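To get our numbering, take the position in the sequence shown, counting from 1, and add 57.
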Amino acid sequence: MKIIVDMMGGDNAPLAVLEGAAQAVKEYGVQILGVGNEELVRRTAADNNIPLDGIELVNCTEVIEMCDEPARAIRQKKDSSIVVGLNLLKEGKGDAFVSAGSTGALHVGASLIVRTLRGVKRPALATMVPAKKQAYLLLDCGANVECRPEMLNAFGTMGSVYAEKVMGRETPKVALVNNGAEDTKGTPTYREAHKLLKANPCIHFAGNIEPRYIMDGDVDVVVCDGFVGNVVLKLTEGVAKTLLGMLKKIFLQNLITKLSYLGIKGGLGELKRMMDSEEVGGAPLLGAAKPVIKAHGSSHAKGIKNAIRQAKLCVANDLCGTMEKALAEV
């Protein structure tokens with residue numbers, strides 16, 4: 058299996074990307090097709106004693122910056138790592154594409170170059186979010202700020218397929234984020250989306266879910282537009298970071314609290330690990346014709362490695378093929 062990796066994407070590229078790719082080759086047995094400034098990548102590998110075994114490099118001369126307007130950048134920067142990588146995926150030179158670069162450019166590029174599955178207007182950015190009972194899949198979490206009802210219905214189908222094939226959930230429950238559990242709650246778009254999801258034969262629809270109950274982990278897939286999803290995701294990350302910081306401050310107050318900390322150190326460590334975005338690795342663009350994974354922009358080696366692991370799972374489970382069949386039924 059060959060995974061195409063954007064060597065120039067993210068705040069810590071190319072070092073973190075190289076380290077993560079090398080670890081993925083060793084642990085997952087995949088081959089890597091790295092796209093980026095070949096001279097810089099090879100020099101970085103040599104300076105940091107990173108082996109390039111199993112990593113093939115494709116040179117390109119441009120990089121899409123976070124400040125670039127996505128559509129214009131995809132059209133004008135033809136030799137950028139994102140555009141070249143997506144074209145390699147389209148041509149079948151690799152099985153999946155991983156990038157920690159610009160989310161907007163990756164979303165536009167995936168839609169225009171790799172294209173979308175039949176029945177999908179735009180791919181949705183999906184990510185796993187830790188919760189009390191079990192982690193859930195949130196989509197869309199930032200790619201599509203405004204969505205039509207039929208798009209939200211497609212998100213429900215795609216999320217359900219992902220939950221079953223990649224997360225291993227049997228008969229995954231799908232819920233729609235809303236300001237109340239009643240069918241009549243929400244904007245006209247969300248009320249119509251509720252009707253479509255309820256009639257969708259390919260999913261197990263659990264109805265509306267209020268934000269305060271999302272973290273209970275009673276559902277497997279949470280559907281919303283990209284604006285709401287991004288707010289939910291970033292608020293969750295912020296609350297988790299704040300609470301962990303407050304707990305640390307409490308336990309450092311005096312000798313007694315420090316001794317108490319020793320008794321629950323393991324549990325707190327596990328909680329911190331659960332809330333670490335690097336453990337998830339990346340967010341798949343569900344609906345793209347081939348697997349495209351968006352790693353966090355601030356990813357270190359562990360995050361890149363886990364994003365490649367996620368890409369491998371998508372390919373191994375024929376995620377796109379299964380999703381296309383499910384969408385055809387809808």
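Think of the CB as a built atom: it goes at the ideal place given N, C-alpha and C, for glycine as much as any other residue.
Note that this is a predicted model, so its numbers are computed, not measured.
Is isoleucine 170 near asparagine 144, with beta carbons less than 7 angstroms apart?
-> yes
How close, in whole Å, do the beta carbons of glycine 360 and alanine 352 come, if the pair is a contact with beta carbons under 8 angstroms?
-> 6 angstroms
Going by DSSP, what residues sit across from alanine 232 in a beta bridge?
-> Gly264 and Val279
Going by other Cβ atoms of all chains shown within 10 Å of its Cβ, with 16 needed for buried, is alanine 385 buried or exposed?
-> exposed
Flag this pair as yes or no: are the beta carbons of valine 285 and valine 202 separated by less than 7 angstroms?
-> no
Using beta-carbon positions only, say whether lysine 347 and leucine 146 come within less than 7 angstroms of one another.
-> yes
If we count Cβ pairs, one from each stretch, closer than 8 angstroms, do we get three or more for the stretch 242–258 versus the stretch 200–214?
-> yes
Looking only at its own chain, which residues have a Cβ that is under 7 angstroms from the Cβ of glycine 151, when we skip the five neighbours before and after it?
-> Lys59, Ile60, Ile61, Leu90 and Leu145
Roughly how many angstroms separate the alpha carbons of glycine 283 and leucine 312, rounded to a whole number?
-> 46 angstroms
What beta strand (DSSP E) runs, 3 residues minimum, are completely inside the stretch 116–195?
-> 153–156 and 181–186
Going along the chain, which residues of its own chain have a beta-carbon closer than 6 angstroms to the beta-carbon of glutamine 88, five neighbours each way excluded?
-> Lys59 and Gly111
Have a look at lysine 135 and proline 71 and give me their C-alpha separation to the nearest angstrom.
-> 20 angstroms
Considering only the beta carbon of each residue, do aspartate 63 and glycine 176 sit closer than 7 angstroms?
-> no
Check the C-beta distance from alanine 263 over to lysine 230 and give it rounded, since I have them as a contact under 8 angstroms.
-> 4 angstroms
Outcome for valine 82 when other beta-carbon atoms lying within 10 angstroms are tallied against a minimum of 16 = buried
In the DSSP assignment, find the unbroken beta strand (DSSP E) run with lysine 59 in it and report its ends.
-> 59–63
Rounded distance between the beta-carbons of glycine 158 and methionine 65, thought under 8 angstroms = 7 angstroms
With 7 angstroms as the threshold, decide whether the Cβ of lysine 150 is near any Cβ in chain D.
-> You won't find chain D in this structure, because it holds only one protein chain.
From the DSSP output, in three-state form, read off leucine 90 for me.
-> strand
Taking buried to mean at least 16 other C-beta atoms within 10 Å of its own C-beta, is cysteine 124 buried or exposed?
-> exposed
Kindly give me the distance between the Cβ atoms of histidine 261 and threonine 228, rounded to whole angstroms, as I take these residues to be in contact under 8 angstroms.
-> 5 angstroms
Which two residues bound the contiguous alpha helix (DSSP H) that contains leucine 309?
-> From DSSP, leucine 309 is part of no alpha helix (DSSP H); its letter is neither H nor E.
Give every residue of the same chain whose Cβ lies closer than 7 angstroms to the Cβ of lysine 255, excluding the five residues on either side of it in the sequence, and list them in chain order.
-> Phe262
Excluding the 5 residues preceding and the 5 following proline 127 in the sequence, name in chain order all residues of the same chain whose CB lies nearer than 6 angstroms to its CB.
-> Gly161, Ala162 and Val165
Distance, Cα to Cα, lysine 305 vs leucine 319?
-> 12 angstroms
By Cβ distance, which residues of its chain are closer than 6 angstroms to cysteine 204, with the 5 residues on each side in sequence left out?
-> Asp282
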